[in-house]
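Peer 1:
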């Protein structure tokens with residue numbers, strides 16, 4: 018049971034990483050980040066059966082932070098869109114050296 | 011760490027006025043501070059809008075192109091009166107005043123010293139200066155017969171010269187500055203001679219060099235004067251290097267730097283060994299710089315660019331004799347280093363003769379005296395070189411009298427000449443060139459008589475002071491050549507006896523030339539027809555009493571100074587007072603050098619004296635017979651000299667040779683290697699611009715990594731995570 022849960026978590030996390038690395042749309046990259054967070058949540062839950070409730074407590078924290086992050090992140094993306102009429106990460110390189 | 015050391019007890023001088031020995035240097039230092047303050051406050055008030063602004067140093071611009079280097083007093087423009095410094099009166103009280111006080115104190119200490127047993131020096135430790143591990147250097151003053159002699163010369167002759175300066179510099183715009191420097195010089199000079207160890211002595215040694223530089227370049231707006239000051243300073247640095255090395259070696263080998271400490275550890279230095287010889291030779295290198303001996307003598311004639319009283323005080327009577335004092339003070343070292351002593355005597359003898367030949371053909375009255383000083387310093391080194399330390403020091407004393415007199419006398423002449431030229435608006439003729447003088451004896455009778463006394467003294471005419479001192483030196487050379495530790499030693503394979511006989515011959519030849527060039531100077535300056543021109547001739551007059559007064563005192567001392575150290579064959583009074591006075595300090599070293607020799611037989615001694623007297627008289631006679639002051643024409647009409655005379659007039663081209671051999675290569679090397687190569691190439695190019703380039707290059711590389719593309723950053727991060735994870739997995 019644990020093995021399957023961890024394997025699903027690993028698959029979800031990898032999908033998230035690949036999404037972050039390959040996609041150029043800021044919204045999709047953002048969703049991939051959320052996917053990685055939730056993959057980690059899944060492994061927390063799975064492992065809490067072995068190691069106690071600490072993992073479940075962490076999941077609550079992660080979800081809270083993810084909610085806050087979603088609010089701030091989406092606000093930033095909207096703000097960028099208003100300036101540039103694009104959420105393509107290729108166009109967002111203001112800090113180029 | 012300024013701990014007041016306990017008052018030295020147990021010494022018979024401890025409870026006398028000698029306790030105030032620290033006041034001796036402090037008095038002139040006080041004078042320096044006060045005069046310096048006067049000079050600075052006056053200078054601060056000068057602004058461009060103030061018409062009296064030209065009063066201070068600035069006015070030198072106007073007359074720096076004047077006739078000679080010695081542009082002084084009354085040297086303002088023709089369209090307004092001489093600018094007397096507004097604090098001149100105050101300075102004339104402070105400057106000579108502190109000297110009078112110092113002299114009175116010196117005489118009081120001298121009187122106290124006479125009545126006590128001075129076999130041990132009286133050392134007054136003021137405070138500990140450098141407590142570093144084993145090295146403990148105190149600021150301490152040592153009173154003994156030797157330092158007392160120098161203190162009396164410095165304060166006594168110094169006082170007279172300060173008084174003379176009141177008249178000589180009266181209208182100089184830099185009047186308080188002059189006295190500030192002069193007081194500072196006396197402070198350092200007293201520190202030099204009173205020091206109880208080499209480091210404190212070195213401070214004085216450097217300090218007098220500084221004051222010499224400041225005073226040679228006193229009229230610094232004229233570039234030639236500033237250059238002369240620099241030359242003196244730089245040439246002296248070469249010698250000071252030797253002094254420093256000698257101090258390092260002394261400390262390394264004896265573990266002490268104070269005179270009594272080194273003397274107590276003398277057994278650590280093998281007699282005649284390489285170490286003590288090297289120490290003495292390095293010390294002597296210092297002396298050749300400070301006391302203008304071959305090969306470092308060239309700065310002294312140039313030093314005549316300073317005011318004439320400065321030449322009298324610093325470059326004749328006191329500072330330049332510091333080298334002789336150093337050797338006398340280190341006599342316990344030189345006495346066990348016969349090779350070094352022979353070198354000192356040989357260099358002294360060569361310098362005495364060499365400088366005298368140059369003096370034969372100089373036209374500038376001060377240059378004649380400058381080469382004469384170099385020559386006489388040579389005699390002093392011959393004296394201390396052959397271990398006749400007291401005789402060498404006695405020549406320091408008599409030379410201080412007659413050479414100060416000669417310089418001040420020449421100052422009086424230049425003062426008169428300058429005033430006359432100034433009065434006739436003559437700015438083209440040189441007030442110091444003897445070809446422009448002539449027949450001054452009726453115009454300056456006091457100066458004339460006194461300068462003849464000094465001339466007879468320096469020429470070595472019997473009973474005058476110079477005869478006694480010079481004869482003592484030459485007699486000692488002859489005696490040492492017959493048998494002594496020096497005669498037994500050898501220098502570069504030449505036996506000491508041969509060297510000493512050669513030095514004796516140099517000394518005699520130098521004495522002959524001395525008599526000739528001094529008589530020549532007197533004849534050309536004071537005798538024959540006047541060559542100043544009728545208008546200027548009418549204005550020539552004797553200097554005021556404040557200048558002639560010190561001359562008279564020095565004249566009396568030059569005439570009878572020999573009485574202080576009468577030889578046995580002149581039964582005019584007590585014999586050898588000076589030798590006996592110095593015996594506690596110098597006696598042991600003298601005996602050590604003289605060991606193995608015998609007293610000269612009366613017959614030999616009389617023959618030597620007769621020879622010396624004959625040579626002095628012959629020199630004067632040759633000059634009187636051969637020279638024709640009447641045939642002389644003013645400088646501007648004089649033809650160029652030819653042949654050997656030309657070589658002498660150009661001082662054997664030594665300055666030119668040094669310029670080619672040393673100065674130019676150094677300048678060229680500095681320009682091409684140090685400036686263009688090291689400074690521009692390596693320091694500016696490699697270090698400064700190179701490090702900037704390095705920072706820019708790494709910055710550029712860093713900026714290329716910073717692409718601004720989030721995707722790239724994410725890739726790098728993931729790769730990093732993978733790398734880290736795989737590293738951890740491999741470890742476990």
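Chains as they are written, first to last, in this note's numbering: chain H, 18 to 114; chain P, 11 to 742. Glycine included, every Cβ here is placed at the ideal spot set by N, Cα and C. Just so we're clear, the structure is a prediction, and the values are computed from it rather than from any experiment.
Looking at the C-beta of residue 105 of chain H, does it have a partner C-beta in chain P at a distance below 8 Å?
Peer 2: Answer no: the Cβ-Cβ gap between residue 105 of chain H and chain P never drops below 8 Å.
Peer 1: Give, in chain order, every unbroken run of the alpha helix (DSSP H) that is at least 4 residues long and sits entirely within the segment 506 to 564 of chain P.
Peer 2: With a minimum length of 4 residues, the continuous alpha helix (DSSP H) runs that stay inside the segment 506 to 564 of chain P are 506 to 536, 544 to 549.
Peer 1: Is there a Cβ of chain P sitting closer than 8 Å to that of residue 58 of chain H, yes or no?
Peer 2: Answer no: the Cβ-Cβ gap between residue 58 of chain H and chain P never drops below 8 Å.
Peer 1: Taking the continuous beta strand (DSSP E) assigned at residue 139 of chain P, which residues delimit it?
Peer 2: Run containing residue 139 of chain P: 132 to 142, per the beta strand (DSSP E) assignment.
Peer 1: For chain H, check one thing: does any of its Cβ atoms lie closer than 8 Å to the Cβ of residue 726 of chain P?
Peer 2: So no, residue 726 of chain P is outside the interface.
Peer 1: I'd like to know whether the C-beta atoms of residue 393 of chain P and residue 626 of chain P end up nearer to each other than 8 Å.
Peer 2: No. Outside cutoff.
Peer 1: By Cβ distance below 6 Å, which residues in the same chain neighbour residue 68 of chain P in space, the five residues on each side in sequence not counted?
Peer 2: Note that residue 68 of chain P scores 38 on pLDDT, short of 50, meaning its location in the model is unreliable; the coordinates nonetheless yield the value given after this. Taken in chain order, the list of residues that qualify is empty.
Peer 1: Cα-Cα, which of P:657, P:406, P:242, P:341 is closest to residue 365 of chain P?
Peer 2: Of the listed residues, the one whose Cα sits closest to residue 365 of chain P is P:657.
Peer 1: Contact criterion: CB-CB distance below 8 Å. Does residue 114 of chain H meet it with respect to chain P?
Peer 2: True, the Cβ-Cβ gap to chain P drops below 8 Å.
Peer 1: Give me the residue from H:42, H:68, H:61 with the minimum Cα distance to residue 27 of chain H.
Peer 2: Closest by alpha carbon: H:61.
Peer 1: Let me confirm a value: residue 85 of chain P is counted as buried when at least 16 other C-beta atoms fall within 10 Å, else exposed. Which label applies?
Peer 2: In this prediction, residue 85 of chain P has a pLDDT of 42, which is less than 50 and means its spatial position is unreliable; what the coordinates show is noted afterwards. By the neighbour-count rule (16 or more Cβ atoms within 10 Å), residue 85 of chain P is buried.
Peer 1: How long is the line joining the alpha carbons of residue 242 of chain P and residue 236 of chain P, rounded to whole angstroms?
Peer 2: Roughly 10 Å between the two C-alpha positions.
Peer 1: What would DSSP say about residue 631 of chain P, mapped onto helix, strand or coil?
Peer 2: Helix.
Peer 1: Measure from the alpha carbon of residue 103 of chain P to the alpha carbon of each residue in P:701, P:175, P:723, P:138, then state which is nearest.
Peer 2: Looking at the Cα atoms, P:175 is the closest of the given residues.
Peer 1: With contact counted as at least three CB pairs below 8 Å, one residue from each stretch, are the segment 174 to 192 of chain P and the segment 416 to 427 of chain P in contact?
Peer 2: Result yes; three or more Cβ-Cβ pairs closer than 8 Å.
Peer 1: Below 8 Å between beta carbons: does that hold for residue 153 of chain P and residue 31 of chain P?
Peer 2: The answer is yes: Cβ separation under 8 Å.
Peer 1: Per DSSP, which one or two residues make a beta bridge with residue 147 of chain P?
Peer 2: Per DSSP, P:140.
Peer 1: In whole angstroms, what separates the C-alpha of residue 265 of chain P from that of residue 146 of chain P?
Peer 2: When rounded, the distance between both Cα atoms is 10 Å.
Peer 1: Determine the contact status of residue 170 of chain P and residue 560 of chain P, defining contact as a CB-CB distance below 8 Å.
Peer 2: Their beta carbons are under 8 Å apart, which means residue 170 of chain P touches residue 560 of chain P by this criterion.
Peer 1: Can you confirm whether residue 732 of chain P, when its beta carbon is compared against all beta carbons of chain H, has any partner nearer than 8 Å?
Peer 2: So, not an interface residue.
Peer 1: Are residue 439 of chain P and residue 233 of chain P closer than 8 Å when you measure CB to CB?
Peer 2: Not closer than 8 Å, so no.
Peer 1: Check the DSSP bridge columns for residue 576 of chain P and list the partner residues they point to.
Peer 2: Partner(s): P:585.
Peer 1: Determine whether the Cβ of residue 29 of chain H lies closer than 8 Å to any Cβ atom of chain P.
Peer 2: No, its Cβ sits nowhere closer than 8 Å to a Cβ of chain P.
Peer 1: My assumption, with CB atoms under 8 Å, is that residue 8 of chain P sits in contact with residue 34 of chain P. Please give the rounded CB distance.
Peer 2: The question about residue 8 of chain P has no answer, for chain P in this structure spans 11 to 742.
Peer 1: According to DSSP, is residue 439 of chain P part of a helix, a strand, or is it coil?
Peer 2: Note: residue 439 of chain P maps to coil in three-state DSSP.
Peer 1: Could you tell me if residue 20 of chain H is buried or exposed, where buried requires 16 or more neighbouring beta carbons within 10 angstroms of its beta carbon?
Peer 2: Result: exposed.
Peer 1: Output yes if chain H places a C-beta closer than 8 Å to the C-beta of residue 712 of chain P; else output no.
Peer 2: Yes, residue 712 of chain P lies at the interface with chain H (some Cβ there is under 8 Å from its Cβ).
Peer 1: In chain P, which residues lie with their C-beta within 9 Å of the C-beta of residue 82 of chain H?
Peer 2: By Cβ distance, chain P contributes nothing, its closest Cβ being about 19 Å from residue 82 of chain H, past 9 Å.
Peer 1: Could you check whether the Cβ of residue 50 of chain H sits closer than 8 Å to any Cβ belonging to chain P?
Peer 2: It does not: the Cβ of residue 50 of chain H has no partner Cβ on chain P nearer than 8 Å.
Peer 1: Could you tell me which of H:88, H:110, H:67, H:64 sits nearest to residue 51 of chain H, measuring between CA atoms?
Peer 2: Here the closest residue by C-alpha is H:88.
Peer 1: Take residue 341 of chain P as the anchor and find which of P:597, P:681, P:695, P:732 has the nearest alpha-carbon.
Peer 2: Taking only the C-alpha atoms, the option nearest residue 341 of chain P is P:597.
Peer 1: From which residue to which residue does the alpha helix (DSSP H) around residue 706 of chain P run?
Peer 2: Note, residue 706 of chain P: alpha helix (DSSP H), 700 to 715.
Peer 1: Is it the case that the Cβ atoms of residue 220 of chain P and residue 42 of chain P are separated by a distance below 8 Å?
Peer 2: No. Outside cutoff.
Peer 1: Taking 6 Å as the limit between beta carbons, can you name the residues of its chain near residue 521 of chain P, skipping five residues before and five after?
Peer 2: For residue 521 of chain P, where only same-chain residues beyond five positions count, the Cβ hits under 6 Å are 470, 625.
Peer 1: Thinking C-beta only, is residue 730 of chain P closer than 8 Å to residue 106 of chain H?
Peer 2: No, the pair does not count as a contact, with Cβ atoms beyond the cut-off.
Peer 1: Comparing C-alpha positions only, which one of P:115, P:249, P:44, P:652 sits nearest to residue 29 of chain P?
Peer 2: Residue P:115 is the option with its Cα nearest to residue 29 of chain P.
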